[in-house]
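Enquirer: Attaching a single structure in structure tokens format; questions to follow.
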Amino acid sequence: EYVLVDLLRSWKLPESVVGKISDRWKCQIAPFATDEADLNQHVLDGTPVLTPSRFGQRACSSVGEDCLEYLIDNPERNTFPKPKIAFVAGWGRPGSILIDDEELRVVNSFEEVLNGDPPLNLQMFHRSDEGEPNIPRFPEFLDWPGSEGELRVPCDMATRVSAKQALTWWHLDDGGEFLLQVGLPLKEVRGKHQENPVLLGPSGKPVVKLFVFAARNAYDILVQDKESNKTHRFSHLDLFNSPSHALPEPSGDYDPLPTLWVAPLEAGGRPLLSPPNVPHLVLTLQHCVMVEERVIHKLFLDEVHYFMEKAEGWAERPIFYPFLKETLQDADKVRDEVVGPLLKVLREGSPDQVRARARESLATVVKCAGKHFVVHPETLSEIDTALADAAVQALEKDKRALEQEELLQAFSRNIPDGVTAFPNDRFAGHVHIGGSPWWGPLRETPEEAVKDRKDMISMKNKKGLGALDEHLRKERGTAQGRG
């Protein structure tokens, strides 16, 4: 385990990025899977994991030794038949408007993305051939781990071209899906489209993106959906500019701050497999190209359930994949394409961890019937019979399944606006400063936290932000320095 700011400094990230990160944040480096058994365990545990490089090898080989030279130096590839829309670096930053044309730029070439001011981020989905640049569909060259093809549902794929310093703030992916993503190769000695300094990763290749993940149960600490619904602005924690005295304080041995995962994505290196529903942000360290494919796995329908429940609380609804809005709304397809394969795994699959996943997904079909899924009554009866088997009931629940019920119950808790509920049954009021939460002390009841919030709002309004800042410093016993 590392102190996040110390780790990033050791990697020579600029002070403009790390200078105001609180030293309260702890992190681990995302694991490197040594083989498929190791990889499968990380998938079951819901951990972001860097996979063996062979799963991205075909995609990396398709561009030669330098992906930027491949795209930019050939005019037929570089120029778009139709203009594209790129995001301004820092999309989703705290306090910015949820839907804002000022955060978008029209670009006509890959080169424009890299030369934009401010830096730009182009996520180019491969959904049709019309108006597409003259390049391969790179994500089609990704090779997914495992052999359970009929259990995977391809949902989307994209080629992402990002300028150095592009930042995508805390977000979830779009439907309870897994993402497999790889950075395409760059010359290890600085190529003409790269900029110094170049951070080299464990395999000696340039690191182009840093992914920062938190666990599912940390979402409400990092992101405040109720505030966003009221203000129509992004309301989430500014990791790069939140002082220690504004963060939730420890209570005894309990620290409410989650331990983060940091995953360095190398150009031409190991692909990153991201689990569903984990809040994350992405910082681009070098001009780069990353390709990604998004897949819903039928063994993880509880993740689909979680996402659909969470999305019900958003003012801006996401775009649901056809699997969610079509397949799961057709009782015949649910029976034939979802339940049938899952029952086969439950009865014939191995090891037991995989069978336990099938059980959780089948139980999810039952829970979601009539709300998120459309299911024939006879299909439900068949599932109930299968789940009643003593051997099936004896299968051990994995970490994801054990926390699922608690997370779903949290959606129905009547927590007052401006109050964060922490996993240890403590509560803290918060106010948003520039779109980012500042917390009062941990309390035993929501009512106490509401009073703290009112007091903080009153102090800020009557005496100014400086007075609130000083009050929180004294309350935490924090000096003026780094902490």
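Note that our numbering numbers the sequence shown so that position 192 is 265, with each residue one more than the last. Glycine is no exception: its CB is placed at the ideal position from the N, C-alpha and C atoms. Just so we're clear, the structure is a prediction, and the values are computed from it rather than from any experiment.
For T152, name the three-state secondary structure that DSSP assigns.
Expert: T152 falls in the strand class under three-state DSSP.
Enquirer: Out of N302, H199 and S434, which one is the CA nearest neighbour of K157?
Expert: Minimum Cα distance to K157 is reached at H199.
Enquirer: Once the 5 residues before and after L187 are set aside, which same chain residues still bring their CB inside 6 Å of it?
Expert: Contacts found: A236 and H360.
Enquirer: Kindly indicate the opening and closing residues of the beta strand (DSSP E) around V136.
Expert: That residue, V136, is in no beta strand (DSSP E); it is neither H nor E in DSSP.
Enquirer: I'd like to know if the stretch 123-141 and the stretch 208-216 are in contact, where contact means that at least 3 CB-CB pairs between them fall below 8 Å.
Expert: Touching, yes.
Enquirer: Grouping DSSP H, G and I as helix and E and B as strand, with all else coil, what is L538?
Expert: Of the three classes helix, strand and coil, the one that applies to L538 here is helix, per DSSP.
Enquirer: Suppose you measure from the CA of E142 to the CA of E203; what does that come to, to the nearest Å?
Expert: Straight-line Cα distance between these residues: approximately 24 Å.
Enquirer: Report the option in I145, G443 and R432 whose CA atom is closest to the CA atom of Y463.
Expert: In the sequence on display, residue 463 carries Ala and not Tyr. With distances taken between Cα atoms, A463 lies closest to R432.
Enquirer: Return the bridge partner residues of A501 from the DSSP annotation.
Expert: Paired residue(s): T493.
Enquirer: Where do the ends of the beta strand (DSSP E) carrying A429 lie?
Expert: It is not in any beta strand (DSSP E) - A429 instead sits in the alpha helix (DSSP H) that spans D425 to C441.
Enquirer: Closest to V234 by C-alpha separation, out of E185, G277 and W242, would be which residue?
Expert: Among E185, G277 and W242, the Cα nearest to that of V234 belongs to E185.
Enquirer: Could you say if the stretch 272-292 and the stretch 344-356 meet the contact criterion of at least three C-beta pairs nearer than 8 Å?
Expert: The stretch 272-292 is in contact with the stretch 344-356.
Enquirer: Taking C-beta to C-beta, are L435 and V412 nearer than 8 Å?
Expert: Taking 8 Å as the Cβ cut-off, L435 and V412 qualify as a contacting pair.
Enquirer: Please state whether DSSP places V90 in a helix, a strand or coil.
Expert: V90 falls in the helix class under three-state DSSP.
Enquirer: For E366, which residues from the same chain have a beta carbon less than 6 Å from its beta carbon, with the 5 sequence-adjacent residues on both sides left out?
Expert: P212, L215, M230 and L253.
Enquirer: Using only CA atoms, which one of G274, A494 and R428 lies nearest to K470?
Expert: When each option's Cα is compared against that of K470, the closest is R428.
Enquirer: Among the residues of its own chain, which have a CB less than 6 Å from the CB of T452, if the five just before and after it don't count?
Expert: Excluding positions up to five away in sequence, the list reads R408 and V412.
Enquirer: Please report the distance separating the alpha-carbon of R343 from that of L195.
Expert: Taking the straight line from one Cα to the other gives about 22 Å.
Enquirer: So who's on the other strand from I170, going by DSSP bridges?
Expert: Beta-bridge pairing links I170 to R306.
Enquirer: Straight-line CA distance for K260 to E138?
Expert: Taking the straight line joining both Cα atoms gives about 6 Å.
Enquirer: Helix, strand or coil: which one does DSSP assign to Q238?
Expert: Q238 falls in the coil class under three-state DSSP.
Enquirer: In three-state terms, what does DSSP make of K383?
Expert: Of the three classes helix, strand and coil, the one that applies to K383 here is helix, per DSSP.
Enquirer: Considering Cα atoms alone, identify which of Q114, V280 and G248 is closest to Q256.
Expert: Sequence check: residue 256 is Gly here, not Gln. Among Q114, V280 and G248, the Cα nearest to that of G256 belongs to V280.
Enquirer: Using the Cβ count rule (16 or more neighbours within 10 Å means buried), how would you classify Q297?
Expert: Q297 is buried by the Cβ-count criterion.
Enquirer: Looking only at C-alpha atoms, which of P154, F495, L481 and R82 sits nearest to P519?
Expert: Closest option to P519, Cα to Cα, is F495.
Enquirer: Going by DSSP, which residues form a beta bridge with R82?
Expert: BP columns for R82 are empty, so no partner.
Enquirer: Are the stretch 442-451 and the stretch 473-484 touching, with three or more C-beta to C-beta distances below 8 Å?
Expert: No contact exists between the stretch 442-451 and the stretch 473-484.
Enquirer: Would you report the Cα separation of V136 and E250, rounded to the nearest angstrom?
Expert: Their Cα atoms are separated by approximately 27 Å.
Enquirer: Of the residues D528, W511, K524 and R549, which one's Cα is nearest the Cα of I294?
Expert: The option with the nearest alpha carbon to I294 is W511.
Enquirer: May I ask you to report which of helix, strand or coil DSSP gives D229?
Expert: Here D229 sits in strand by DSSP.
Enquirer: For T357, list the residues DSSP reports as bridge partners.
Expert: For T357, which the question treats as bridged, DSSP gives the partners K282.
Enquirer: Take R306 and list the residues in its own chain whose beta-carbon comes closer than 7 Å to its own, dropping the five residues that flank it on each side.
Expert: Correct list, in chain order: G168, S169, I170, L171 and G508.
Enquirer: With which residues is N487 paired in a DSSP beta bridge?
Expert: None, per the DSSP bridge assignment.
Enquirer: Counting pairs of beta carbons, one from the stretch 320-336 and one from the stretch 98-107, are three or more of them closer than 8 Å?
Expert: A contact exists between the stretch 320-336 and the stretch 98-107.
Enquirer: Can you tell me the Cα-Cα spacing of D111 and G422, whole angstroms?
Expert: Roughly 18 Å separates the two Cα atoms.
Enquirer: Give the secondary structure of Y394 by DSSP, where H, G and I count as helix, E and B as strand, and everything else as coil.
Expert: Y394 falls in the coil class under three-state DSSP.
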